[in-house]
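Mapping the sequence shown onto numbering that gives the first Met the number 0, position 186 (from 1) lands on 185, and the numbers just tick up by one.
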Amino acid sequence: MTDAAGTAGRPIALVLRHDSAIGLGNLGPTLEAHGYEVRFLDAPNEDVTAVDPLAPDLIVVLGGDEGVYQADEYPYLADEIELLRRRIAAEAPVFGVCLGAQLLAAALGADVYRGPRKEVGWLGVELTDAGEDSPVRHAAGVRFVQWHGDTFDLPEGVERLAGSPQYANQAFRRGDWLLAVQFHPEVDREIHEDWLAAWGDELPEYGLSVDGMRELQASCGPAAGAASAAILGEFVEGLARRGELPRAS
């Protein structure tokens, strides 16, 4: 599936998905606008080890309920980490979101573990100086969905791009070919509704409600969607400049 060239020579973006409710959302149109043929691999149900780590032009690793430290229960997580290690060794482009960011941190040798308390809601992030000179600069002043309870130590050899009062490591990069974010740029209205249906019973613990989250999605969602497109768009444009992938037409 992943070792063939894309249709009509288009670059392939392989998306590692862990839950049907945690999809590509806002990020899909940006990939398509930049000429990618998007392919999905559902990690819990397909053989991750069958993937040639260097065949896709880009790998996108999405979120999930799993913890990186639960590889005994979810053995495909160890397979994903090994795949990512091999891509990292080759400096092959990769973009990680939430669990994807945590898997990248683990592949880079950092510890991943439970945080003191879940971070849930439509929340902003604070950029570092490096973040202001990176694709994550488009997150400035924007509120994104946060819905996670795990965090990670910052790996060696990366730049920290953003943090929040509760979780210091919200985004990092290595060079211009690896970008990872803890917050959720992919969440569009459909994904948001899926999450409210699946996990809305958690919200009162964080002073939130389903109706309140819907109001926040209506007010914050458009800006988050635009910022998400800008973050991923700038990242893949950087790949184009280094000769990895074509620019958007």
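All residues carry an ideal CB built from backbone N, CA and C; glycine is no exception. Since the model is a prediction, treat every value here as computed from it, not as a measurement.
Residues near residue i in its chain [Cβ-Cβ closer than 8 angstroms; skip 5 each side]
i	result
Arg59	Checking the displayed sequence, the identity of residue 59 turns out to be Val instead of Arg. Taken in chain order, the residues that qualify are Ala12, Leu13, Val14, Leu15, Leu23, Leu26, Leu30, Val93, Phe94, Gly95, Val96 and Gly99.
Tyr73	Pro43 and Glu65
Proximal residues to residue i (C-beta, below 7 angstroms), its chain only, five neighbours per side dropped
i	result
Tyr68	Val111 and Tyr112
Arg142	Trp121, Leu122, Gly123, Cys219 and Ala223
Met212	Leu195 and Leu202
Cβ neighbours of residue i in the same chain (closer than 6 angstroms, five flanking residues each side left out)
i	result
Gly232	Thr29
Thr150	Gly114 and Tyr166
Leu61	Arg16, Ile21, Val96 and Gly99
Arg86	Pro52 and Val93
Straight-line Cα distance separating residue j from residue i
i	j	result
Gly156	Arg173	7 angstroms
Asp46	Cys219	37 angstroms
Val186	Ser227	9 angstroms
Gly120	Ala239	34 angstroms
Ala229	Arg159	19 angstroms
Asn251	Gly8	Since the first and last residues shown for the chain are 0 and 248, residue 251 lies out of range.
Glu201	Asp18	18 angstroms
Glu243	Arg188	For Glu243, the predicted structure reports a pLDDT of 48, less than 50, and the residue's modelled location is therefore unreliable. A value from the coordinates is still provided. Each residue's Cα considered, the two are about 32 angstroms apart.
Trp194	Val144	11 angstroms
Ala89	Glu214	44 angstroms
Asp41	Leu102	15 angstroms
Glu118	Ala105	20 angstroms
Pro164	Leu126	12 angstroms
Ala32	Trp198	32 angstroms
Ser133	Gly237	10 angstroms
Under 8 angstroms between C-beta atoms of residue i and residue j
i	j	result
Tyr82	Val37	Rather than Tyr, the amino acid found at residue 82 in this sequence is Leu. No, the Cβ-Cβ distance between Leu82 and Val37 is not below 8 angstroms.
His183	Trp146	yes
Ala91	Pro154	no
Gly130	Ala70	no
Tyr35	Leu57	yes
Query raised in the report: Pairing CB atoms from the region 175-184 with CB atoms from the region 200-212, are three or more of them under 8 angstroms?
Result: no
Query raised in the report: Where are the beta strand (DSSP E) runs, 3 residues long or more, that stay fully inside the region 18-96, in chain order?
Result: 36-41, 57-60 and 93-96
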